[in-house]
Amino acid sequence: MHVFQKNSNIFHLLSEGVSEGIIVVNTKQQIVATNSSANEMFGYEKEELLDKSIDTVIPKRYHTDHNKHVDKFILKSEKRSMGQGRELYGVKKNGQEFPVEAGLNPFKLYGSTYVMALITDITERKNYTENLERIVQERTKQLTEALAKEKELSELKTRFLSLVSHEFKTPLSSILTSVTLLGKYTKTDEQKKRDKHVNTIRNKVMYLDTILNDFLSIERLDSGKMHYKLEEFPLSKLVNEVIYDANMLLKPGQQIKYPENIDDLIIKFDEKTLELGLSNLIYNAIKYSPEDTTIEVIVNRKTTNLEICVKDEGIGIPKKDQKHIFDRYFRAENALLTQGTGIGLNIAKQHLKNLDATLDFSSVENQGSTFTITIPLEI
Ligand code: ADP
Numbered sequence: 120m121h122v123f124q125k126n127s128n129i130f131h132l133l134s135e136g137v138s139e140g141i142i143v144v145n146t147k148q149q150i151v152a153t154n155s156s157a158n159e160m161f162g163y164e165k166e167e168l169l170d171k172s173i174d175t176v177i178p179k180r181y182h183t184d185h186n187k188h189v190d191k192f193i194l195k196s197e198k199r200s201m202g203q204g205r206e207l208y209g210v211k212k213n214g215q216e217f218p219v220e221a222g223l224n225p226f227k228l229y230g231s232t233y234v235m236a237l238i239t240d241i242t243e244r245k246n247y248t249e250n251l252e253r254i255v256q257e258r259t260k261q262l263t264e265a266l267a268k269e270k271e272l273s274e275l276k277t278r279f280l281s282l283v284s285h286e287f288k289t290p291l292s293s294i295l296t297s298v299t300l301l302g303k304y305t306k307t308d309e310q311k312k313r314d315k316h317v318n319t320i321r322n323k324v325m326y327l328d329t330i331l332n333d334f335l336s337i338e339r340l341d342s343g344k345m346h347y348k349l350e351e352f353p354l355s356k357l358v359n360e361v362i363y364d365a366n367m368l369l370k371p372g373q374q375i376k377y378p379e380n381i382d383d384l385i386i387k388f389d390e391k392t393l394e395l396g397l398s399n400l401i402y403n404a405i406k407y408s409p410e411d412t413t414i415e416v417i418v419n420r421k422t423t424n425l426e427i428c429v430k431d432e433g434i435g436i437p438k439k440d441q442k443h444i445f446d447r448y449f450r451a452e453n454a455l456l457t458q459g460t461g462i463g464l465n466i467a468k469q470h471l472k473n474l475d476a477t478l479d480f481s482s483v484e485n486q487g488s489t490f491t492i493t494i495p496l497e498i
């Protein structure tokens, strides 16, 4: 007769009011007593667990591990909770596993050592915690994304504002100077000086106009308000117009070489987009090349497409900056002393892409760059 059975009334009295499951084992790890919470938790009848090994309620994969723990634990004979820092599971009679928390209390009774395990089924708590964790993770992710977007937007705004103020300040102040000086040249024979200032004003206004067009173009691109018109037109007409305008911006000694053999070339494309792309490339070639250099416009007719190249002998693009050249607002290190916004190439490339055309380049720092627009030809 078991000591616990002998004292079953006392054990009963003490353990039945407890909501935790109580399982008492002897040093051989045999179950010698359980309360009804434990029976219910593991799905056994009253007394069904008695004399069974503690392994009965522990999933197989923990068996050896567990025995080691219990041995050590009994030797040390001290109170502690199990499963700290790792997940602990119990197994029901029907084989179903569930997460538990267990506190182990060794004690001696009539000279024998026992361990009383206080067991709590934490399925719900675990589900709740996991759910909560999921919700928190999800929310954190959403908030982080929202924050990043907000930050990006405000950075863009700041950048845009400083860009606009910076880019507009210089041309506007030189226009103001020219206008002030113009007012002072009142004599008839000062026409030459007047012309010079009128020219400066025209140039600066043209420059501001291109920047504004770039900004508007960005807005239209980003809001999807672009309407392209595919029309047939002679390439030479467009090239002539763009080069004509560009000639006014040339530095002393710079010249633009026209492409050969394009007189009879009729292409079908959105004319405004090609004009925007080509003028961007030629203006850049002028801007990023020193005096006394040649800018060459070359047209290559391939079987399925047409390449329009703009080749310069300018400052080139440092290797490390090349991969960013088409990023909006990006400007290479060696370009920072020249005025610019880092917008032109980005929008030209996007517009061209929308029309199945491409914009690429090759460049060697201090030697020059070649930018190439490739547009598909209808065959
Ligand atoms: P922006 O000229 O206003 O800075 P772009 O978008 O036209 O803007 O060009 C982006 C960057 O690409 C320039 O800042 C410059 O660093 C580089 N770049 C473009 N064209 C040339 C060129 N022909 N030679 C050297 N660098 C160039």
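For what it's worth, this note's numbering labels the leading residue of the sequence shown as 120, then goes sequentially.
From the three backbone atoms N, C-alpha and C, an ideal C-beta is built for every residue, glycine too.
Paired residues, beta bridge with residue i - DSSP
| i | result |
| --- | --- |
| residue 492 | 427 and 478 |
| residue 419 | 426 |
| residue 350 | 388 |
| residue 153 | 142 |
| residue 499 | Residue coverage of the chain in this structure runs from 120 to 498, which leaves residue 499 outside it and unanswerable. |
| residue 302 | In the DSSP output, where bridge partners are listed per residue, residue 302 has none listed. |
| residue 414 | 375 |
| residue 228 | 231 |
| residue 217 | 209 |
| residue 343 | DSSP lists no partner for residue 343. |
| residue 487 | 483 |
| residue 172 | 149 |
Outcome for residue i when other beta-carbon atoms lying within 10 angstroms are tallied against a minimum of 16
| i | result |
| --- | --- |
| residue 409 | exposed |
| residue 461 | buried |
| residue 530 | The chain is shown only over 120 to 498; residue 530 falls outside these bounds and no answer can be derived. |
| residue 416 | buried |
| residue 230 | exposed |
| residue 265 | exposed |
| residue 373 | buried |
| residue 158 | buried |
| residue 194 | Only weak support is given to the placement of residue 194: the predicted model assigns it a pLDDT of 48, under 50, and the question is left unresolved by the model. |
| residue 431 | buried |
| residue 281 | exposed |
| residue 275 | exposed |
| residue 493 | buried |
| residue 220 | buried |
| residue 138 | exposed |
| residue 284 | exposed |
Spatial distance of residue i from residue j (CA atoms)
| i | j | result |
| --- | --- | --- |
| residue 316 | residue 267 | 47 angstroms |
| residue 257 | residue 250 | 10 angstroms |
| residue 136 | residue 259 | 43 angstroms |
| residue 295 | residue 263 | 47 angstroms |
| residue 347 | residue 389 | 6 angstroms |
| residue 176 | residue 208 | 9 angstroms |
| residue 443 | residue 293 | 32 angstroms |
| residue 424 | residue 314 | 44 angstroms |
| residue 270 | residue 437 | 29 angstroms |
| residue 405 | residue 367 | 11 angstroms |
| residue 333 | residue 342 | 14 angstroms |
| residue 212 | residue 166 | 14 angstroms |
| residue 319 | residue 480 | 32 angstroms |
| residue 349 | residue 447 | 26 angstroms |
| residue 215 | residue 241 | 14 angstroms |
| residue 475 | residue 291 | 38 angstroms |
| residue 435 | residue 402 | 14 angstroms |
| residue 459 | residue 245 | 59 angstroms |
| residue 450 | residue 243 | 57 angstroms |
| residue 454 | residue 407 | 7 angstroms |
| residue 120 | residue 217 | The pLDDT assigned to residue 120 is 49, lower than 50, so where the model puts this residue is not dependable, and the model offers no usable value. |
| residue 163 | residue 181 | 21 angstroms |
| residue 254 | residue 272 | 27 angstroms |
| residue 499 | residue 497 | There is simply no residue 499 to check, as the chain begins at 120 and stops at 498 in what is shown. |
| residue 339 | residue 490 | 24 angstroms |
| residue 353 | residue 386 | 6 angstroms |
| residue 335 | residue 324 | 16 angstroms |
| residue 210 | residue 225 | 22 angstroms |
| residue 429 | residue 467 | 14 angstroms |
| residue 344 | residue 279 | 21 angstroms |
| residue 376 | residue 287 | 31 angstroms |
| residue 173 | residue 129 | 22 angstroms |
| residue 440 | residue 452 | 7 angstroms |
Min CB distance residue i to chain B below 8 angstroms
| i | result |
| --- | --- |
| residue 153 | Absent from the structure is chain B; it holds one protein chain and no more. |
Kindly confirm or deny that the stretch 236-254 and the stretch 133-150 touch, where touching means at least three C-beta pairs closer than 8 angstroms. yes
Please determine if the stretch 384-400 and the stretch 468-478 are in contact, where contact requires at least 3 C-beta pairs separated by less than 8 angstroms. yes
How do the stretch 354-370 and the stretch 327-335 stand: do at least 3 beta-carbon pairs fall below 8 angstroms, yes or no? no
Validate contact between the stretch 479-489 and the stretch 304-320 using beta carbons, cut 8 angstroms, 3 pairs: no
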